[in-house]
Amino acid sequence: MSDIVFAYPKDEPSIIATRSFDAPVALVWRAFTDPVHVARWWGPRSIAPVKRIDKLELRPGGAWRYVCERPDGSEQIVFFGRYLEVVPERKLVNTFGVEGQFEGDAAFPEQHVFEARDGRTYYRSYTLLPDFAAREGIIATGMETGARESLEQLGEIVIELAGAAAT
Amino acid sequence: MSPDRLSVTLSALADPTRRGILARLATGAATVTELAAPYEMSLAAVSKHLKVLEGAGLVSRSRDAQYRPCRLEAGPLREVDFWLQNYRRFWEENLDQLEAYLAELQRGDPEGTPH
Numbered sequence: 001m002s003d004i005v006f007a008y009p010k011d012e013p014s015i016i017a018t019r020s021f022d023a024p025v026a027l028v029w030r031a032f033t034d035p036v037h038v039a040r041w042w043g044p045r046s047i048a049p050v051k052r053i054d055k056l057e058l059r060p061g062g063a064w065r066y067v068c069e070r071p072d073g074s075e076q077i078v079f080f081g082r083y084l085e086v087v088p089e090r091k092l093v094n095t096f097g098v099e100g101q102f103e104g105d106a107a108f109p110e111q112h113v114f115e116a117r118d119g120r121t122y123y124r125s126y127t128l129l130p131d132f133a134a135r136e137g138i139i140a141t142g143m144e145t146g147a148r149e150s151l152e153q154l155g156e157i158v159i160e161l162a163g164a165a166a167t
Numbered sequence: 001m002s003p004d005r006l007s008v009t010l011s012a013l014a015d016p017t018r019r020g021i022l023a024r025l026a027t028g029a030a031t032v033t034e035l036a037a038p039y040e041m042s043l044a045a046v047s048k049h050l051k052v053l054e055g056a057g058l059v060s061r062s063r064d065a066q067y068r069p070c071r072l073e074a075g076p077l078r079e080v081d082f083w084l085q086n087y088r089r090f091w092e093e094n095l096d097q098l099e100a101y102l103a104e105l106q107r108g109d110p111e112g113t114p115h
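Chains as they are written, first to last, in the working numbering: chain A, 1 to 167; chain B, 1 to 115.
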C-alpha cells in the first residue's frame with residue numbers, strides 16, 4: 001500500500017509529494033536514472049506509458065526526453081526537460097515540460113530527493129507551480145506586492161468551490 | 001488549460017481574502033458592499049481584489065443592474081482542479097509503478113542489473 005502524501009505549503013506555490021519505497025536507495029536511484037530501467041516503469045499506464053527514452057543525459061545541463069503513448073495508441077505525449085542538479089543517490093533536479101503544452105519558460109522545475117532510512121528509501125518531490133512565483137508580484141493586489149501568499153489547501157479549496165458553484 | 005491561464009488563476013487564488021470572497025459567492029451573487037462586510041478593509045481594497053478575480057475570469061459582474069452584483073464563475077476553478085488532479089494522478093500512478101518495478105527487480109535480481 002502506498003503511503004503517498006501530497007502537501008501544499010503555506011509559504012509558497014508548490015506541491016510536495018512524499019512516499020517511501022521498500023528498496024535500498026541505490027536501487028531506487030538506478031530505477032529513476034538508468035534509461036533501461038526508466039523504460040520499464042515510467043509513465044502512468046492509464047494515461048500514457050513510456051514508449052521510448054530518447055534522451056537521458058544524466059548531468060547538469062543534460063537533456064531528457066521521454067516519448068509516451070496513449071494506451072489506445074491514439075496520441076503521443078512527449079515529456080522533456082533538462083537536468084539542473086544531479087547528486088547520485090541523493091538528489092535530482094530537472095525541468096519538466098510537455099511538448100506543445102508546457103515549454104520554454106513554462107516548463108517547471110521538479111526536485112526529487114532520496115533518503116535512506118532503515119533499509120527503506122524515503123522519496124520527496126517538490127514542484128514549483130508553473131511560472132507562478134514570477135507572476136504573482138505583477139498580478140498582486142498592490143496591498144502586499146510580491147509577497148508570497150498562502151496556497152495552503154489549494155487543492156481542497158478549489159474542489160470545494162468548484163463543487164459549490166456546480167450546484 | 002494554458003500555463004499562462006493556470007498561472008493567472010492560481011495567482012488569484014493565492015490570497016486568503018480573495019478565497020473568502022469566492023467562498024461567499026459560491027453561496028450566491030452579492031454586491032461589493034455585502035462582500036466587504038466581513039473584512040476590516042475599505043470598499044476600494046475589496047474592489048481591487050474583485051478586479052483581480054474578474055481578470056482571472058473567476059468573477060463576473062452584471063453590467064446593467066444598479067448594484068452590479070458579483071457572481072462566481074466556476075470555469076477556471078474546474079480547470080485548476082483538473083490540472084491538479086491530473087498532476088497528482090500522474091505522479092501517484094507513476095510512483096506506484098516504480099514500486100512494483102522495484103519489487104520485481106528485488107525478487108529477480110537484488111543488484112537491479114537490467115535484463
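Even for Gly, the Cβ is constructed at its ideal location relative to N, Cα and C.
On a predicted model such as this, the values are computed, not experimentally measured, just so you know.
Reduced DSSP secondary structure (H/G/I, E/B, other) of residue i
i, result
"THR33(A)", "helix"
"ARG5(B)", "helix"
"ARG40(A)", "coil"
"ARG124(A)", "strand"
"ARG61(B)", "strand"
Span of the alpha helix (DSSP H) around residue i
i, result
"ALA23(B)", "16 to 25"
"LEU43(B)", "43 to 55"
First through last residue of the beta strand (DSSP E) which encompasses residue i
i, result
"LEU92(A)", "91 to 98"
"THR33(B)", "Counting along the chain, THR33(B) falls outside any beta strand (DSSP E), though it belongs to the alpha helix (DSSP H) covering 32 to 36."
"PRO109(A)", "108 to 117"
"SER14(A)", "14 to 21"
"ILE77(A)", "76 to 87"
"GLU69(A)", "63 to 69"
"ILE53(A)", "50 to 56"
"PHE102(A)", "That residue, PHE102(A), is in no beta strand (DSSP E); it is neither H nor E in DSSP."
"ARG116(B)", "The displayed coordinates of chain B run from 1 to 115. Any statement about residue 116(B) would go beyond what the structure contains."
"ALA29(B)", "Unbroken run through ALA29(B): none, as it is neither H nor E."
Residues that residue i contacts on chain B, provided the C-beta gap is smaller than 9 Å
i, result
"PRO44(A)", "ARG89, PHE90, TRP91, GLU92, GLU93, ASN94, ASP96, GLN97"
Cross-chain neighbours of residue i in chain B, by beta carbon under 8 Å
i, result
"ILE53(A)", "Per Cβ cutoff of 8 Å: no residues; ILE53(A) is ~12 Å from chain B at best."
"SER2(A)", "GLU92, LEU95, ASP96, GLU99"
Within chain B, partners of residue i - CB distance below 7 Å
i, result
"ARG19(A)", "LEU95"
"ALA23(A)", "LEU102, GLN106"
"ARG40(A)", "TYR101"
Per-residue contacts from residue i into chain E (C-beta, under 9 Å)
i, result
"ALA31(A)", "Chain labels in this structure do not include chain E; the protein chains are A and B."
field: the region 88 to 105 of chain B: positions lying closer than 9 Å to chain A by Cβ
entry: ARG88, ARG89, PHE90, TRP91, GLU92, GLU93, ASN94, LEU95, ASP96, GLN97, LEU98, GLU99, ALA100, TYR101, LEU102, ALA103, GLU104, LEU105
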